[in-house]
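>
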Amino acid sequence: MNEETPLPPPEEAERASIEPPEDSKAIRPEPGDLFERNAVDLNVLRELEGENILVAGQFSFEQVCELCKLAAMLEKLEIWPYHPLDGKIFVTAFFEASTRTRTSFESAILRLDGKVISIADGRTTGQAKGESLADIGEMFNGYADCVIMRHTDTDSTDQILQNLRIPLINAGNGSGEHPTQALADWFALLKWKPELALPPVDKSNKLNLGILGTPGSMRAVKSFLLMALLFHEHIDKVTVISEMADPFGEEVTEELRKGGIDYEVSNDVREHLPELDIIYMNSIAFLGDSYKNMDSRFKLDSSSPIKESAVILHPLARLDELDTSLDKTPHNLYFSQAHGAVFIRQALLMSVLGRLNALPQMMDLNQNPSD
Amino acid sequence: MNEETPLPPPEEAERASIEPPEDSKAIRPEPGDLFERNAVDLNVLRELEGENILVAGQFSFEQVCELCKLAAMLEKLEIWPYHPLDGKIFVTAFFEASTRTRTSFESAILRLDGKVISIADGRTTGQAKGESLADIGEMFNGYADCVIMRHTDTDSTDQILQNLRIPLINAGNGSGEHPTQALADWFALLKWKPELALPPVDKSNKLNLGILGTPGSMRAVKSFLLMALLFHEHIDKVTVISEMADPFGEEVTEELRKGGIDYEVSNDVREHLPELDIIYMNSIAFLGDSYKNMDSRFKLDSSSPIKESAVILHPLARLDELDTSLDKTPHNLYFSQAHGAVFIRQALLMSVLGRLNALPQMMDLNQNPSD
Amino acid sequence: MNEETPLPPPEEAERASIEPPEDSKAIRPEPGDLFERNAVDLNVLRELEGENILVAGQFSFEQVCELCKLAAMLEKLEIWPYHPLDGKIFVTAFFEASTRTRTSFESAILRLDGKVISIADGRTTGQAKGESLADIGEMFNGYADCVIMRHTDTDSTDQILQNLRIPLINAGNGSGEHPTQALADWFALLKWKPELALPPVDKSNKLNLGILGTPGSMRAVKSFLLMALLFHEHIDKVTVISEMADPFGEEVTEELRKGGIDYEVSNDVREHLPELDIIYMNSIAFLGDSYKNMDSRFKLDSSSPIKESAVILHPLARLDELDTSLDKTPHNLYFSQAHGAVFIRQALLMSVLGRLNALPQMMDLNQNPSD
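Residue numbers (the working numbering), protein chains in the order written: chain X, 359 to 729; chain C, 359 to 729; chain P, 359 to 729.
Put into structure tokens, the structure is as follows:
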């Protein structure tokens, strides 16, 4: 069905973008700035075919950059007429419920014409009655081509992989990692500053990265930080602002040391905010049905002393730690970050499922941008 | 894929209808009587493209009639080979669970070859943890082309529309409205009496409309009544039978007055039943997981003193307020009403999503019925 | 769309199978041994078109064998490019939650390019509020082409069939039956011993069938046993090992007597295990959210005195009644059984929905295997 579909001329395939409201100054970087700079190197992405996606640290710098470039292209162009995931079935197994992440993945799959078996609620599963994840993995082998799993247990990925022989994408495992959130984070940053995908020309322009949260115990911020190591040449310093005495945890500290990144820990938000170029806000942790909220010193609003050019990221959902007064300011990169999550997941799914060849003409167009 | 599909000859596209059981006298009006009378005016339906569907009162008489005519055509013909919603993604966001309405919409979407991201249970969402509907709306912008939402809060539609920039279809908001149910109600009535779509020829044939329920606080019956205003030339009187002192509520009373419709309130079912031509039965209100039931004076069964030619509507689900002894009588229009809900929603979705051009030959066939 | 799709040469359509891990000796019979032996007789399967699938006893020996042969073909070949269920909509109505069975059916439907409306949790339905199954059946008539239902009540199938006029597939009704599980069980056995589909050549090679469980009250084992009656010529004796005094129940005993099968009841596992050729393990019954577990005498592990050539079946999920030490032994047919469940359901759905003609060339290929 798909191979025979005549490709529409690229200009007709351009997506009608959902514009932000006119009174908003939120940043919506143009994706074209990223992928038109140079061609997507499909060979780098082919390395991901058939792989499990478990942790942020498994990606190379090149893989992250090429995924972001492909995602930018997918954000720009209508992809569904090419049916890149035709015939592929995905299980979205959310033993820990998360509508945001689940619907983001399901949107990515459906836009690519893949099919979804949805497990929205762990309470409906045999797992709730004591069935092992290993047995569930064995079952999924016969049902699907890829499993996307969220679970409250950090070792859930190890457990299901005892028997699972189709690719597993970790969509959050306990206090472990959330690697596709990190991809969404860096996709937003690369659209904002496409030069992050290149070696730094001017070393004096390095960025100060600040994190409000606890990388040692919060998976989204941990994965973000571990992926930041790939961009260490662009980073001057990492400042973690947390009420915890040791917010990193041993594993993350060790990685930062090996990565040669200068870092600092503080519990004083106001002192550090004015220096930061990128503020990763995650001072709230949703844990199953409850959450842990930091005290009010760790909240941000439009009166916070933020550098004029600084951008704020937030993995969402939020409560009041990130005030809506910031939504229409030029610090708001978090809506772009949320919006892009669908496209970076599309790029990842096409790579893992080995369907990068579905877009021959668009790729050619891109590989010879100067012709 | 869709444009190139050769259209099957219309006679082959005719749907194999699900016949009622032979011993049933329930009314199943033939949809052809409605749409073959005159052509569907697509220009009227194009007015709905990109619109939010929030309240019954937003529709014009012409829009309701053309939607019903298109729905009748969709009930008669197999539509899926034309793929009218190819590539379109819908979120069915049922923060208040409702399997009947959700599955009705999902059936409509799937029959048109659209795709569904299903949120069947608000308890699995960030909303349950305190995330704002405004943030959820921002998220949906990137995930889908249209949102169909049910919610326990009346102002939920206002809240999500703070950030939502793709069309919203209100599938029930608290004690507010349920406009697509009203469309399903009037679709059943227009199939039963196609002349309702035309100016009345004989003014003595006006219909008496009776409502068992409380329009002021029950969204389905409120939307039904507000849509009835469009058909005021065919209505002699509206009688509301309720145990509430003021069952209309101020807003509805004001609309009835402006609409010039004669109305009466009563709490005596038996006195009024024999006069009524159309009985809208909704003396039970499902509210989340519980419901409010009126006392036994407001129940109907096959021994109730109903006019021989009268028809009964009910938005369903029902408990014992509408006895199953009525199911196989010629008063039963409610099964036809339930059955048609899928097709009127198909007509609405095609209009809102701007995909009315997907059916050129069927339309031509219809626009020149005398050729 | 589907009819015009050029069929790929059969050799390209061959499925890349998910191989078991190298250290496993679990039995994964090659499906080709079953369907290449002789052609699928489509006329036998056409008898199932439009039928409700309610109990194991409704199938003929021929129907079970032809379903298994078609399933073996579907396990071997990529079926989705033929879109056999294009345009067909299924409701998976799991009023009793069961992720395993629901996802198995949904996988089968999606692989055949059908569409799914999923009700994963009865708590979100009107049924939870008191709506009758008869009314829900009436609703489904308009929404779908087939209903797959699981329910806690044994008479739920009777109830919904009061109004349902599209085919119903029983996916487990209380302590009633689970006929598609029985098909999956016998599909695994027929792949293991394809000669079961033929009259026995050597009567001395009959099989001893042992059941750990209570057919009288457990639907999976009951349906398995009732379907075993069709294979009575291959069975020497049925031994039921249970802690219940009368594990069969009157209905099953009567059927065994009529079927002329020799049977025995015992509560001593160790005495009988060494004689058994086929061990159906189901000494645990999941009942809604809880389960009933037999005592430790009824558990199996790799030290149990099992005949070297014996195979173990288990409908899964399991807790500790079937130890994982058996997983990598040649007794493990239960993983093959779980894996095949998707394909036997595909074969059944294509038959019930009347879409057996979707595969002309593959059928031709098969019907003349000697050309």
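A virtual CB, placed ideally from N, CA and C, is assigned to each residue, including glycine.
Chain P beta carbons: is any one of them nearer than 8 Å to that of T457 (chain C)?
The sequence position of residue 457 (chain C) within the second sequence is 99, counting from 1. Answer yes: the Cβ-Cβ gap between T457 (chain C) and chain P drops below 8 Å somewhere.
> Just the C-alpha distance for A555 (chain C) and L400 (chain C), rounded to the nearest angstrom, thanks.
Indexing the second sequence from 1 puts residue 555 (chain C) at position 197. Indexing the second sequence from 1 puts residue 400 (chain C) at position 42. Cα to Cα, A555 (chain C) sits roughly 16 Å from L400 (chain C).
> Would you decide whether P605 (chain X) is buried or exposed? Buried here means 16 or more other CB atoms lie within 10 Å of its CB.
To locate residue 605 (chain X), count along the first sequence from 1; it is residue 247. By the neighbour-count rule (16 or more Cβ atoms within 10 Å), P605 (chain X) is buried.
> Do the stretch 581-596 of chain P and the stretch 685-703 of chain P make contact, defined as three or more Cβ pairs closer than 8 Å?
No contact exists between the stretch 581-596 of chain P and the stretch 685-703 of chain P.
> Beta strand (DSSP E) containing G315 (chain C): first to last residue?
Lying outside 359 to 729, the shown extent of chain C, residue 315 (chain C) is not represented and no answer is given.
> Looking at D503 (chain C): is its Cβ nearer than 8 Å to the Cβ of I447 (chain C)?
The residue labelled residue 503 (chain C) in the question sits at position 145 within the second sequence. The residue labelled residue 447 (chain C) in the question sits at position 89 within the second sequence. A contact, by the Cβ cut-off of 8 Å.
> Could one say the Cβ of D647 (chain P) lies closer than 8 Å to chain C's Cβ atoms, at least one of them?
Within the third sequence, residue 647 (chain P) is the residue found at index 289, counting from 1. Residue placement at D647 (chain P) cannot be trusted, given a pLDDT of 49 that sits under 50; the coordinates are not used to answer.
> Looking at the unbroken alpha helix (DSSP H) that takes in A696 (chain P), where does it start and where does it end?
Taking the first residue of the third sequence as 1, we reach residue 696 (chain P) at position 338. Note, A696 (chain P): alpha helix (DSSP H), Y692 to V710.
> I need the DSSP call for R508 (chain X), collapsed to helix, strand or coil.
To locate residue 508 (chain X), count along the first sequence from 1; it is residue 150. Of the three classes helix, strand and coil, the one that applies to R508 (chain X) here is strand, per DSSP.
> In terms of alpha-carbon separation, which member of P:F589, P:E608, P:V623 and P:E612 lies closest to S600 (chain P)?
Mapped onto the third sequence, residue 600 (chain P) falls at position 242. S600 (chain P) has its Cα closest to that of P:V623, out of P:F589, P:E608, P:V623 and P:E612.
> Kindly list the residues whose CB is nearer than 8 Å to the CB of S694 (chain P), restricted to its own chain and excluding five residues on each side of it in sequence; keep chain order.
On the third sequence, residue 694 (chain P) is found 336 positions in, with the first residue counted as 1. The residues are A384, I385, R386, P387, A546, K549 and W550.
> Is S660 (chain X) helix, strand or coil by DSSP?
Position 302 of the first sequence, counted from the first residue, corresponds to residue 660 (chain X). Three-state DSSP puts S660 (chain X) in coil, outside helix and strand.
> Which ranges would you report for the alpha helix (DSSP H) in the stretch 383-471 of chain P if only whole runs of at least 4 residues count?
Runs of the alpha helix (DSSP H) inside the stretch 383-471 of chain P: 390-393, 400-404, 419-434 and 457-469.
> State buried or exposed for A603 (chain P), treating a residue as buried only when at least 16 other CB atoms are found within 10 Å of its CB.
Indexing the third sequence from 1 puts residue 603 (chain P) at position 245. With fewer than 16 other Cβ atoms within 10 Å, it is exposed.
> Strictly under 8 Å for the Cβ-Cβ distance: is P663 (chain C) near chain P by that measure?
Sequence index remark: in the second sequence, residue 663 (chain C) carries index 305 (1-based). Output row for P663 (chain C): interface = no.
> Quick one: what does DSSP say I494 (chain P) is sitting in, helix, strand or coil?
Translated into positions along the third sequence, residue 494 (chain P) becomes position 136. Three-state DSSP puts I494 (chain P) in a helix.
> Helix, strand or coil: which one does DSSP assign to I475 (chain C)?
Sequence index remark: in the second sequence, residue 475 (chain C) carries index 117 (1-based). In this structure, I475 (chain C) counts as strand in the three-state DSSP scheme.
> Using a Cβ-Cβ cutoff of 7 Å, what residues of the stretch 577-609 of chain X are near chain C? List them in chain order.
Listed by position along the chain: nothing, the set is empty.
> Within the 8 Å Cβ cut-off, does E409 (chain P) reach chain C?
Position 51 of the third sequence, counting from 1, holds the residue named residue 409 (chain P). Cβ-Cβ to chain C under 8 Å: no for E409 (chain P).
> According to DSSP, which residues form a beta bridge with Y638 (chain X)?
Translated into the one-based positions of the first sequence, residue 638 (chain X) becomes position 280. Per DSSP, X:I569 and X:L671.
> Within a Cβ cutoff of 6 Å, which residues of the same chain sit near K657 (chain C), ignoring the five residues on either side of it in sequence?
Working through the second sequence from its first residue, we reach residue 657 (chain C) at position 299. Closer than 6 Å at the Cβ level, and outside the excluded window around K657 (chain C), lie E679.
> Reducing DSSP to helix, strand and coil, say where K595 (chain P) ends up.
As a working mapping, residue 595 (chain P) is identified with position 237 in the third sequence. In the structure shown, K595 (chain P) sits in a strand (DSSP, three-state: E or B).
> How would you list, in chain order, the residues of chain C whose beta-carbon sits under 9 Å from the beta-carbon of S514 (chain X)?
Here residue 514 (chain X) refers to the residue found at position 156 when the first sequence is read from its first residue. What S514 (chain X) touches in chain C: nothing, since even the nearest Cβ is about 18 Å away.
> Cα separation between G530 (chain P) and V505 (chain P)?
As a working mapping, residue 530 (chain P) is identified with position 172 in the third sequence. As a working mapping, residue 505 (chain P) is identified with position 147 in the third sequence. Those two C-alpha atoms are separated by around 13 Å.
> Relative to the C-alpha of L631 (chain X), which residue among X:G408, X:V422, X:G568 and X:E424 is closest?
Locating residue 631 (chain X) in the first sequence gives position 273, counting from the first residue. Cα-wise, what sits closest to L631 (chain X) is X:G568.
> If contact means a Cβ-Cβ distance below 8 Å, which residues of the stretch 700-714 of chain P contact chain X?
Residues V700.
> Please report the residue range of the alpha helix (DSSP H) in which V559 (chain C) lies.
Stepping through the second sequence from its first residue, residue 559 (chain C) is reached at position 201. Per DSSP, V559 (chain C) belongs to no alpha helix (DSSP H) and is neither H nor E.
> Mind pulling the chain X residues with CB within less than 8 Å of D479 (chain C)?
Here residue 479 (chain C) refers to the residue found at position 121 of the second sequence. Result: A478 and D479.
> Just to confirm the assignment, what range does the beta strand (DSSP E) spanning S514 (chain X) have?
As a working note, residue 514 (chain X) is residue 156 in the first sequence. Unbroken run through S514 (chain X) is the alpha helix (DSSP H), S514 to L519; no beta strand (DSSP E).
> Using a Cβ-Cβ distance cut-off of 8 Å, determine whether V449 (chain C) contacts chain X.
Counting from one through the second sequence, the residue named residue 449 (chain C) turns up at place 91. By this cut-off, V449 (chain C) is an interface position.
> In chain order, what residues of the same chain have a beta carbon less than 6 Å from the beta carbon of S476 (chain C), not counting five sequence neighbours either side?
Here residue 476 (chain C) is taken as the residue at index 118 of the second sequence, counted from 1. Closer than 6 Å at the Cβ level, and outside the excluded window around S476 (chain C), lie T450.
> Less than 8 Å between the CB atoms is what I'm expecting for L684 (chain P) and Y638 (chain P), so what's the real figure, rounded?
As a working note, residue 684 (chain P) is residue 326 in the third sequence. As a working note, residue 638 (chain P) is residue 280 in the third sequence. With a Cβ gap of about 14 Å, L684 (chain P) and Y638 (chain P) do not count as contacting.
> If you measure from the beta carbon of R386 (chain P) to each beta carbon in chain X, is any gap under 8 Å?
Position 28 of the third sequence, counted from the first residue, corresponds to residue 386 (chain P). It does not: the Cβ of R386 (chain P) has no partner Cβ on chain X nearer than 8 Å.
> Using a Cβ-Cβ distance under 8 Å, would T572 (chain P) count as near chain X?
The residue labelled residue 572 (chain P) in the question sits at position 214 within the third sequence. Judged by the 8 Å Cβ criterion, T572 (chain P) is not in contact with chain X.
> Determine, using beta-carbon pairs with one atom in the stretch 608-615 of chain X and one in the stretch 578-587 of chain X, whether at least three such pairs fall under 8 Å.
Result yes; three or more Cβ-Cβ pairs closer than 8 Å.
> Relative to the C-alpha of W438 (chain X), which residue among X:F453, X:H689 and X:G472 is closest?
Your numbering for residue 438 (chain X) matches position 80 in the first sequence. The candidate whose alpha carbon is nearest that of W438 (chain X) is X:G472.
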